[in-house]
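In my numbering, the protein residues as written are 872 to 1112.
The structure under discussion appears below in the form of C-alpha coordinates.
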Amino acid sequence: MNTSVASITIPTCDYCYSRLRCLFSNWEGEQCDIVTLKRGCRCNFLPKGHLIFHAGTPPAGLFYLNRGKVKVYKTGEDGKKQIVRLAKNGDILGYRALISGKVYSVTAETLDNTCLCFIPQEVFFEILTSQPEIAIKVMRLLTNDLETAEQMILDLAQRPVRERVALSLLALKQVYGVKTDGQTLDVELSREDIANMVGTATESVIRLLSEFRKDGLIEVSGRKIKVLDEERLLRTAYIFD
(Lines of atoms letter the chains of each structure in order from A and count residues from 1; the text may use other names and numbers.)
(Lines give C-alpha, C1' and ligand atoms only; values in the text may rest on other atoms or scores of the structure.)
Protein backbone atom coordinates (compact mmCIF):
# COMPACT_ATOMS: atom_id res chain seq x y z
CA MET A 1 0.00 0.00 0.00
CA ASN A 2 1.17 3.52 -0.74
CA THR A 3 1.56 5.60 2.41
CA SER A 4 3.38 8.63 0.97
CA VAL A 5 1.85 12.11 0.89
CA ALA A 6 2.61 14.11 -2.25
CA SER A 7 2.15 17.59 -0.76
CA ILE A 8 0.26 19.55 1.89
CA THR A 9 -1.50 22.90 1.60
CA ILE A 10 -3.83 25.02 3.73
CA PRO A 11 -7.47 24.55 2.60
CA THR A 12 -9.06 27.42 0.71
CA CYS A 13 -12.83 26.96 0.83
CA ASP A 14 -13.55 29.76 -1.65
CA TYR A 15 -11.79 27.80 -4.40
CA CYS A 16 -12.80 24.29 -3.32
CA TYR A 17 -13.50 21.95 -6.26
CA SER A 18 -16.43 20.32 -4.42
CA ARG A 19 -17.63 23.29 -2.41
CA LEU A 20 -21.28 22.90 -3.39
CA ARG A 21 -21.34 19.27 -2.25
CA CYS A 22 -19.71 19.57 1.17
CA LEU A 23 -21.09 20.08 4.67
CA PHE A 24 -20.09 23.72 4.56
CA SER A 25 -21.65 24.57 1.19
CA ASN A 26 -23.66 27.50 2.61
CA TRP A 27 -20.74 29.09 4.43
CA GLU A 28 -19.22 32.39 3.40
CA GLY A 29 -16.46 34.74 4.58
CA GLU A 30 -15.79 34.48 8.32
CA GLN A 31 -17.59 31.15 8.58
CA CYS A 32 -15.06 29.59 6.19
CA ASP A 33 -12.29 31.03 8.35
CA ILE A 34 -13.33 28.59 11.09
CA VAL A 35 -11.80 25.87 8.91
CA THR A 36 -9.15 27.70 6.92
CA LEU A 37 -7.51 29.58 9.80
CA LYS A 38 -7.52 26.88 12.46
CA ARG A 39 -4.24 25.16 13.25
CA GLY A 40 -4.09 21.60 11.95
CA CYS A 41 -6.52 22.02 9.07
CA ARG A 42 -4.84 21.01 5.83
CA CYS A 43 -5.28 19.49 2.39
CA ASN A 44 -3.23 16.48 1.32
CA PHE A 45 -2.62 15.36 -2.24
CA LEU A 46 -2.54 11.56 -2.05
CA PRO A 47 -1.59 8.97 -4.67
CA LYS A 48 -3.63 5.93 -5.64
CA GLY A 49 -3.45 3.14 -3.07
CA HIS A 50 -2.85 5.44 -0.09
CA LEU A 51 -4.35 4.35 3.25
CA ILE A 52 -6.24 7.30 4.71
CA PHE A 53 -7.05 5.52 7.96
CA HIS A 54 -6.95 1.92 9.13
CA ALA A 55 -9.42 -0.15 11.13
CA GLY A 56 -8.50 -0.35 14.81
CA THR A 57 -6.81 3.06 14.98
CA PRO A 58 -8.30 6.04 16.86
CA PRO A 59 -9.65 8.98 14.82
CA ALA A 60 -7.86 12.32 14.99
CA GLY A 61 -10.30 14.33 12.90
CA LEU A 62 -12.63 14.52 9.94
CA PHE A 63 -11.63 13.83 6.33
CA TYR A 64 -13.31 15.66 3.46
CA LEU A 65 -12.90 14.30 -0.06
CA ASN A 66 -12.21 17.40 -2.14
CA ARG A 67 -11.52 15.48 -5.32
CA GLY A 68 -10.92 11.80 -6.03
CA LYS A 69 -12.28 8.35 -5.30
CA VAL A 70 -12.02 6.25 -2.13
CA LYS A 71 -13.06 2.74 -1.15
CA VAL A 72 -14.01 1.97 2.44
CA TYR A 73 -13.84 -1.65 3.54
CA LYS A 74 -13.93 -4.06 6.45
CA THR A 75 -11.53 -6.99 6.71
CA GLY A 76 -12.74 -10.30 8.14
CA GLU A 77 -10.78 -12.65 10.37
CA ASP A 78 -9.93 -14.69 7.28
CA GLY A 79 -8.40 -11.61 5.65
CA LYS A 80 -11.20 -11.23 3.10
CA LYS A 81 -12.30 -7.66 2.42
CA GLN A 82 -15.84 -6.38 2.06
CA ILE A 83 -16.23 -2.95 0.47
CA VAL A 84 -18.98 -1.17 2.39
CA ARG A 85 -18.80 2.24 0.77
CA LEU A 86 -17.48 4.09 -2.28
CA ALA A 87 -16.78 7.77 -1.64
CA LYS A 88 -16.79 10.54 -4.24
CA ASN A 89 -16.13 14.28 -4.47
CA GLY A 90 -17.72 16.15 -1.56
CA ASP A 91 -18.08 13.14 0.77
CA ILE A 92 -16.79 13.09 4.34
CA LEU A 93 -14.96 10.15 5.87
CA GLY A 94 -14.34 8.94 9.41
CA TYR A 95 -17.07 10.94 11.10
CA ARG A 96 -18.88 8.00 12.71
CA ALA A 97 -15.82 6.89 14.68
CA LEU A 98 -15.13 10.52 15.56
CA ILE A 99 -18.63 11.10 16.96
CA SER A 100 -18.83 7.75 18.77
CA GLY A 101 -15.38 8.14 20.33
CA LYS A 102 -14.38 4.68 19.14
CA VAL A 103 -11.59 3.39 16.91
CA TYR A 104 -12.20 3.05 13.18
CA SER A 105 -14.13 -0.12 12.31
CA VAL A 106 -13.18 0.22 8.63
CA THR A 107 -10.21 1.07 6.42
CA ALA A 108 -10.26 3.82 3.78
CA GLU A 109 -7.99 3.68 0.71
CA THR A 110 -7.70 5.94 -2.34
CA LEU A 111 -8.72 4.50 -5.72
CA ASP A 112 -6.91 7.18 -7.70
CA ASN A 113 -4.96 10.39 -7.13
CA THR A 114 -6.93 12.25 -4.49
CA CYS A 115 -7.11 15.65 -2.80
CA LEU A 116 -8.23 15.15 0.79
CA CYS A 117 -8.87 17.85 3.40
CA PHE A 118 -8.48 17.21 7.12
CA ILE A 119 -10.21 18.97 10.04
CA PRO A 120 -8.92 18.11 13.56
CA GLN A 121 -11.49 16.70 15.96
CA GLU A 122 -11.46 19.71 18.29
CA VAL A 123 -12.29 22.00 15.36
CA PHE A 124 -14.99 19.63 14.13
CA PHE A 125 -16.67 19.46 17.56
CA GLU A 126 -16.43 23.24 17.85
CA ILE A 127 -18.29 23.48 14.53
CA LEU A 128 -20.98 21.02 15.67
CA THR A 129 -21.64 22.93 18.89
CA SER A 130 -21.63 26.39 17.35
CA GLN A 131 -23.26 25.68 13.98
CA PRO A 132 -26.55 23.75 14.47
CA GLU A 133 -27.22 23.49 10.71
CA ILE A 134 -24.00 21.47 10.34
CA ALA A 135 -25.01 19.19 13.22
CA ILE A 136 -28.34 18.53 11.48
CA LYS A 137 -26.54 17.67 8.23
CA VAL A 138 -24.32 15.19 10.09
CA MET A 139 -27.38 13.53 11.67
CA ARG A 140 -28.89 13.15 8.21
CA LEU A 141 -25.67 11.57 6.97
CA LEU A 142 -25.77 9.07 9.83
CA THR A 143 -29.35 8.19 8.94
CA ASN A 144 -28.52 7.75 5.25
CA ASP A 145 -25.51 5.58 6.11
CA LEU A 146 -27.71 3.33 8.25
CA GLU A 147 -30.28 2.94 5.45
CA THR A 148 -27.52 2.15 2.94
CA ALA A 149 -25.99 -0.45 5.28
CA GLU A 150 -29.37 -2.10 5.83
CA GLN A 151 -29.97 -2.33 2.07
CA MET A 152 -26.49 -3.79 1.53
CA ILE A 153 -27.11 -6.48 4.14
CA LEU A 154 -30.41 -7.34 2.45
CA ASP A 155 -28.83 -7.50 -1.01
CA LEU A 156 -25.94 -9.72 0.14
CA ALA A 157 -28.29 -12.04 1.99
CA GLN A 158 -31.05 -12.41 -0.59
CA ARG A 159 -29.75 -11.67 -4.09
CA PRO A 160 -27.90 -14.27 -6.18
CA VAL A 161 -24.38 -13.41 -7.29
CA ARG A 162 -25.38 -12.62 -10.89
CA GLU A 163 -27.81 -9.93 -9.71
CA ARG A 164 -25.27 -8.52 -7.26
CA VAL A 165 -22.58 -8.13 -9.93
CA ALA A 166 -25.05 -6.35 -12.24
CA LEU A 167 -26.11 -4.18 -9.31
CA SER A 168 -22.48 -3.31 -8.52
CA LEU A 169 -21.90 -2.02 -12.06
CA LEU A 170 -25.02 0.12 -11.84
CA ALA A 171 -23.90 1.41 -8.44
CA LEU A 172 -20.51 2.39 -9.86
CA LYS A 173 -22.25 4.33 -12.61
CA GLN A 174 -24.52 6.07 -10.11
CA VAL A 175 -21.65 7.04 -7.77
CA TYR A 176 -18.93 8.01 -10.26
CA GLY A 177 -20.79 8.57 -13.51
CA VAL A 178 -19.34 7.91 -16.97
CA LYS A 179 -16.62 9.38 -19.16
CA THR A 180 -17.27 11.71 -22.09
CA ASP A 181 -18.36 8.82 -24.33
CA GLY A 182 -21.45 8.43 -22.13
CA GLN A 183 -20.87 4.72 -21.50
CA THR A 184 -17.47 4.00 -19.91
CA LEU A 185 -17.57 3.99 -16.12
CA ASP A 186 -15.51 6.84 -14.68
CA VAL A 187 -13.73 4.55 -12.24
CA GLU A 188 -11.40 1.61 -12.77
CA LEU A 189 -11.62 -1.24 -10.26
CA SER A 190 -9.81 -4.54 -10.19
CA ARG A 191 -11.85 -7.73 -10.42
CA GLU A 192 -10.93 -8.31 -6.78
CA ASP A 193 -12.40 -4.94 -5.79
CA ILE A 194 -15.67 -5.74 -7.57
CA ALA A 195 -15.72 -9.12 -5.83
CA ASN A 196 -15.20 -7.33 -2.52
CA MET A 197 -18.16 -5.09 -3.31
CA VAL A 198 -20.37 -8.03 -4.18
CA GLY A 199 -19.20 -10.43 -1.49
CA THR A 200 -18.11 -13.28 -3.73
CA ALA A 201 -14.99 -14.90 -5.18
CA THR A 202 -12.92 -13.04 -7.77
CA GLU A 203 -13.33 -15.98 -10.14
CA SER A 204 -17.12 -15.57 -10.06
CA VAL A 205 -16.81 -11.90 -11.01
CA ILE A 206 -14.48 -12.73 -13.90
CA ARG A 207 -16.93 -15.36 -15.17
CA LEU A 208 -19.99 -13.12 -14.87
CA LEU A 209 -18.33 -10.12 -16.51
CA SER A 210 -17.43 -12.41 -19.40
CA GLU A 211 -21.06 -13.56 -19.62
CA PHE A 212 -22.31 -9.96 -19.55
CA ARG A 213 -19.87 -9.12 -22.34
CA LYS A 214 -21.02 -12.03 -24.47
CA ASP A 215 -24.65 -11.02 -23.88
CA GLY A 216 -23.90 -7.50 -25.12
CA LEU A 217 -24.56 -5.81 -21.78
CA ILE A 218 -21.05 -4.44 -21.32
CA GLU A 219 -17.71 -4.07 -23.03
CA VAL A 220 -14.54 -4.79 -21.07
CA SER A 221 -10.99 -3.59 -21.74
CA GLY A 222 -8.67 -4.26 -18.82
CA ARG A 223 -10.18 -2.40 -15.86
CA LYS A 224 -12.32 -0.21 -18.10
CA ILE A 225 -15.98 -1.21 -18.27
CA LYS A 226 -18.43 0.26 -20.75
CA VAL A 227 -22.17 -0.16 -20.10
CA LEU A 228 -23.72 -0.88 -23.50
CA ASP A 229 -27.27 -1.80 -22.48
CA GLU A 230 -28.28 -0.27 -19.16
CA GLU A 231 -31.92 -1.36 -19.45
CA ARG A 232 -30.99 -5.04 -19.76
CA LEU A 233 -28.44 -4.63 -16.98
CA LEU A 234 -31.21 -3.23 -14.79
CA ARG A 235 -33.33 -6.26 -15.61
CA THR A 236 -30.42 -8.57 -14.81
CA ALA A 237 -30.18 -6.88 -11.41
CA TYR A 238 -33.98 -7.15 -11.10
CA ILE A 239 -34.44 -3.39 -10.69
CA PHE A 240 -37.64 -2.09 -12.27
CA ASP A 241 -39.34 1.29 -12.30
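Backbone N, C-alpha and C define an ideal beta-carbon position, used for all residues, glycine too.
Quick caveat, the model's predicted, so the values are computed rather than measured.
Note to self: Please return the same chain residues whose Cβ sits closer than 6 Å to the Cβ of H925, not counting the five positions on each side in sequence.
What the structure shows: Walking along the sequence shown from the start, residue 925 turns up at place 54. For H925, same chain residues with a beta-carbon under 6 Å away, outside a window of 5 residues either side, are T978 in chain order.
Identity of the residues DSSP links to C986 by a beta bridge
Walking along the sequence shown from the start, residue 986 turns up at place 115. Its beta-bridge partners are F916, R938.
Discussion item. Let me check one thing: in DSSP terms, what residues is K945 bridge-paired to?
Written reply: Along the sequence shown, read from residue 1 onward, the residue named residue 945 stands at position 74. Per DSSP, Q953.
In the DSSP output, which residue or residues are listed as bridge partners for L1013? By one-based count along the sequence shown, residue 1013 stands at place 142. In the DSSP output, where bridge partners are listed per residue, L1013 has none listed.
key: Nearest-angstrom Cα separation, counted from T1000 out to V1049   = Taking the first residue of the sequence shown as 1, we reach residue 1049 at position 178. Taking the first residue of the sequence shown as 1, we reach residue 1000 at position 129. Going by C-alpha positions, V1049 is about 39 Å away from T1000.
- Message: Three or more C-beta pairs under 8 Å: does that hold for the segment 953-962 against the segment 991-998?
- Response: no
- Task: Name the residue from V1098, L1099, F934 whose alpha carbon lies nearest to the alpha carbon of L894.
- Result: The residue given as residue 894 occupies position 23 in the sequence shown. Of the candidates V1098, L1099, F934, the residue whose Cα lies closest to the Cα of L894 is F934.
ask   = Are C988 and N937 touching if we call contact CB-CB under 8 Å?
value = Taking the first residue of the sequence shown as position 1, residue 988 is located at position 117. Taking the first residue of the sequence shown as position 1, residue 937 is located at position 66. Yes, they are a contact pair.
### Query
With 16 other CB atoms within 10 Å as the buried threshold, where does P1031 fall?
The sequence position of residue 1031 within the sequence shown is 160, counting from 1. It is exposed - the Cβ of P1031 has fewer than 16 other Cβ atoms within 10 Å.
Since S1092 sits in a beta bridge, which residues does DSSP pair it with? Working through the sequence shown from its first residue, we reach residue 1092 at position 221. K1095.
Name the residue from R1094, V1069, V1091, Y1047 whose alpha carbon lies nearest to the alpha carbon of I1024.
As a first step, residue 1024 is located in the sequence shown; it is residue number 153 there, counting from the start. Of the candidates R1094, V1069, V1091, Y1047, the one whose C-alpha sits nearest the C-alpha of I1024 is V1069.
Counting only runs of 3+ residues fully inside the segment 1019-1059, write out the beta strand (DSSP E) ranges in chain order.
none
task: For the segment 1014-1022 and the segment 1041-1057, state whether three or more C-beta atom pairs, one from each stretch, are separated by less than 8 Å.
output: no
Tell me the DSSP secondary structure of P929 in three-state form.
Translated into positions along the sequence shown, residue 929 becomes position 58. Judged by DSSP in its simplified three-state form, P929 adopts coil rather than helix or strand.
With DSSP as the reference, please indicate the residues paired to I963 in a beta bridge. Your numbering for residue 963 matches position 92 in the sequence shown. BP columns for I963 point to Y935.
| task | Could you work out which residue in A1072, F1083, K1008 is closest to Y966 when comparing CA atoms only? | result | Numbered from 1 along the sequence shown, position 95 holds the residue referred to as residue 966. Here the closest residue by C-alpha is K1008.
Exercise for review: With DSSP collapsed to three states, give me the class of A1108.
Suggested key: Residue mapping note: residue 1108 aligns to position 237 of the sequence shown, counting from 1. DSSP places A1108 in coil when its eight states are reduced to three.
**Report entry** Reduced DSSP category for A1072 - H, G, I as helix; E, B as strand; rest coil
**Finding:** In the sequence shown, counting from the first residue as 1, residue 1072 sits at position 201. Three-state DSSP puts A1072 in coil, outside helix and strand.
Hey, would you say L1038 sits closer than 8 Å to R1094, going by beta carbons? Position 167 of the sequence shown, counting from 1, holds the residue named residue 1038. Position 223 of the sequence shown, counting from 1, holds the residue named residue 1094. Taking C-beta atoms as the reference points, L1038 and R1094 fail to come closer than 8 Å.
> Beta-carbon separation of E1063 and T1073 under 8 Å?
Replying inline: Position 192 of the sequence shown holds residue 1063. Position 202 of the sequence shown holds residue 1073. Yes, the pair counts as a contact, with Cβ atoms nearer than the cut-off.
**Prompt:** Sorted by chain position, which residues of the same chain lie with C-beta nearer than 6 Å to D962's C-beta, five sequence neighbours on each side aside?
**Reply:** Numbered from its first residue, the sequence shown carries residue 962 at position 91. The answer, listed in chain order, is L936.
Next on the checklist: Does L922 come out as helix, strand or coil in the three-state DSSP assignment?
Outcome noted: Numbered from its first residue, the sequence shown carries residue 922 at position 51. DSSP places L922 in strand when its eight states are reduced to three.
Selected residue, minimal CA-CA separation from L1043, among I970, E1034, V1058, I923
Your numbering for residue 1043 matches position 172 in the sequence shown. Considering only I970, E1034, V1058, I923, the residue with the shortest C-alpha distance to L1043 is V1058.
Note to self: What would DSSP say about I881, mapped onto helix, strand or coil?
What the structure shows: If you number the sequence shown from 1, residue 881 lands on position 10. Any reading at I881 must be qualified, since the residue scores a pLDDT of 49, below 50, and its modelled position is unreliable; no value is offered.
On the DSSP bridge list, what partners appear for E980? The sequence position of residue 980 within the sequence shown is 109, counting from 1. Its beta-bridge partners are L922, K942.
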